[in-house]
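Mind the numbering: the sequence shown is residues 47 to 521 in my numbering, read in order.
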Amino acid sequence: MPGLFIAIHDAPVRALMHTLMHTLTHTLMRVLMRAARVLFLAVMIVVTGTTVGSAGMIRDSEIEAGLETLIAPMVTAAGFAPGEIAVRVVLDPDYNAFVAGKRVIYVHSGLLAKAGDVREYLGVMAHELGHLKEGHVQRLDDALQQANSTATAATLVAIALAAGAGSGDAAAGVLIGGNDTAVRGFLASRRRNEAVADEIGIELLEATGTSAVGLRDLMARMARQRSIPESRKATYYSTHPGANERLRTLQDHVNRSPHSETEAHPHAVEIYQRLTAKLQAWTEAPQRILARADKLAPDATMASYMMAISEFRRGDLTAALVHMDALVAQFPEDTFFHEFRGDILFALARTEEAASAYEAALKHLPQSMLIKLSLGRALIAGGSDAELTRATQVLREARDSEPNWAFLHRQYGIALGRLGQISGADLALADEAILLGDRQRAAQLAKRVLAREEVSQVVQSRASDILFRYGRDAE
47 MPGLFIAIHD
57 APVRALMHTL
67 MHTLTHTLMR
77 VLMRAARVLF
87 LAVMIVVTGT
97 TVGSAGMIRD
107 SEIEAGLETL
117 IAPMVTAAGF
127 APGEIAVRVV
137 LDPDYNAFVA
147 GKRVIYVHSG
157 LLAKAGDVRE
167 YLGVMAHELG
177 HLKEGHVQRL
187 DDALQQANST
197 ATAATLVAIA
207 LAAGAGSGDA
217 AAGVLIGGND
227 TAVRGFLASR
237 RRNEAVADEI
247 GIELLEATGT
257 SAVGLRDLMA
267 RMARQRSIPE
277 SRKATYYSTH
287 PGANERLRTL
297 QDHVNRSPHS
307 ETEAHPHAVE
317 IYQRLTAKLQ
327 AWTEAPQRIL
337 ARADKLAPDA
347 TMASYMMAIS
357 EFRRGDLTAA
367 LVHMDALVAQ
377 FPEDTFFHEF
387 RGDILFALAR
397 TEEAASAYEA
407 ALKHLPQSML
417 IKLSLGRALI
427 AGGSDAELTR
437 ATQVLREARD
447 SEPNWAFLHR
457 QYGIALGRLG
467 QISGADLALA
477 DEAILLGDRQ
487 RAAQLAKRVL
497 AREEVSQVVQ
507 SRASDILFRY
517 GRDAE
């Protein structure tokens, strides 16, 4: 649907698999995938959870921008540049957050729904920023390489099988019965990483004058929900420090910190309430939202917004537009009201009006990749040369800001193709194919570009590079 994009991403899991793949036979690959996922959980704050690869990822400009705004002071305190850390939302009801890559924090929709307040969200994010600041994702990959032996891989498969059965006791039994020194060392390093992330998280909260009560509450939640009692855990094979031990550390800090009783800033509370209300409107049954929006929303404005989203989801676009016309008239400076109004108009095939709405949104938030994507799609649907020219501009900007999203390359390629720039379109589709793992198609498209006459030097160079890298796959 327009506006709210849901995608499947498995790259973090593949990266972890890479260092273990050659140690197992092909018949164990499915089991290895599960093992890699278990290892990936080692850098998560996790009560129960899954990975990005097994769940949809919500791409919503307002939700992402709001979540990133909330953590901006801590991002700066951690030594990162403003806007350097991205936050993405995984559509999953479990309470979970984790890091992947050097600059991305993934948050489950369940965490946002279940967190007591914005301070709990900030506490979780402080911990995850600790992982990023210390480079724990790269260290995880290094540790996997050190543990890379056939015996270790077999042990990891056993871990995965026990975990897959849903029994923490079974997993503990497998681990306690094992004698793989490499795995013991690997999981011990994970425990140390969690402890370090806690320490840095506390420092970031303190540096920004933020109460650590939220992080304390998170740890209390973990202590209550651990599937194996602390007294029965094997110390070496616990992938996190004991929840009770971490809770004591956080409680000691809360007792000493001058910021513990500090309430969250009203603007932060407002942002968080709006984001969680919007997420609720997108994920819960539309009829429930429509019946209870006035009770679920923090105010009348958000109630109307939630009803507009619910009417959109159930297909009553006219009713949705009535809500959004009123909200835009009342709040003409609100970026995201303009954006969602554009989504409704696009769904109604009123593409010129939709593009105007997206342009209005982009005026207020010119760096938004997702708004540029929506605008580009509306302009492609319009189809005039002027619209297609503008579409290539905004889609190129969107692609450049997030080059690893294959869908952006496809949309850019469509716009170029409609303008008659076929070689450029083929290159864009070749880039999409590379990201999707279809090297054969990428090489075929590059060959097609090079077979044409009067191809620019830039285009020719890029096509030659693709063919050099993937040409054998096209043979």
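Where a beta carbon is used, it is the ideal one built from N, C-alpha and C, also for glycine.
In this model, W328 and T308 are separated by some 32 Å (Cα to Cα). For N290, the enclosing alpha helix (DSSP H) covers residues 289-302. Straight-line spacing of the CA atoms in H384 and E108 works out to 11 Å.
Under DSSP, H154 takes part in a beta bridge, and its partners are V136. A146 is bridged by DSSP to V150. DSSP, reduced to helix, strand and coil, places F514 within a helical segment of the structure shown. When only Cα atoms are considered, A471 and G459 end up about 4 Å apart. Separation of the CB atoms of V136 and Y152 is rounded to 5 Å, and the pair is thereby assigned contact status at 8 Å.
In this structure F377 is not in contact with A366, their Cβ atoms being roughly 16 Å apart against a cut-off of 8 Å. L168 sits close to A310, with the two beta carbons spaced by under 9 Å.
When secondary structure is reduced to three states using DSSP, G470 falls in the helix class. Spanning the alpha carbons of R498 and A476 requires a straight line of approximately 16 Å. With respect to A401, G428 sits close: the two C-beta atoms are nearer than 9 Å. By the 16-neighbour rule on beta-carbons within 10 angstroms, K341 is exposed. Taking a contact as a CB-CB distance under 8 Å, the pair G388 and A407 counts as one, their CB atoms being some 7 Å apart. For Y404, the enclosing alpha helix (DSSP H) covers residues 397-410.
When secondary structure is reduced to three states using DSSP, Y318 falls in the helix class. Residue environment for T364: exposed (fewer than 16 other C-beta atoms within 10 angstroms of its C-beta). Looking only at R134, A331, M120, the smallest Cα-Cα distance to G102 is reached by R134.
In this structure, K324 sits near M352, with a CB-CB distance shorter than 9 Å. The continuous stretches of alpha helix (DSSP H) do not include Q413, and DSSP gives it neither H nor E. With contacts defined by Cβ atoms closer than 9 Å, A258 and L293 do not form a contacting pair.
Remark: C-beta atoms of P119 and T322 do not approach each other more closely than 9 Å.
Closest in alpha carbon position to K409, among V440, F392, T435, is V440. Contact between A337 and L261 fails: their C-beta atoms lie close to 35 Å from each other, not under 8 Å.
Around the C-beta of S507, fewer than 16 other C-beta atoms lie within 10 Å, and the residue is accordingly described as exposed.
In this structure, the straight-line span from the alpha carbon of L419 to that of L465 is close to 17 Å.
Of the candidates L264, L473, M415, M415 places its Cα closest to the Cα of R445. For V242, the CB contacts under 7 Å within the same chain, skipping 5 residues up- and downstream, are G176, E180 in chain order. Judged by DSSP in its simplified three-state form, L482 adopts coil rather than helix or strand.
V495 sits buried, since 16 or more C-beta atoms from the chains shown fall within 10 Å of its C-beta. The shortest CA-to-CA distance from A269 to any of L411, H369, N290, S447 is the one to N290.
Here A403 really is in contact with L391; their C-beta atoms are around 6 Å apart, less than 8 Å. For T438, the closest of T122, E448, L425, A266 by C-alpha to C-alpha distance is L425. Following the DSSP letters along the chain, one finds T435 inside the alpha helix (DSSP H) bounded by residues 431-447.
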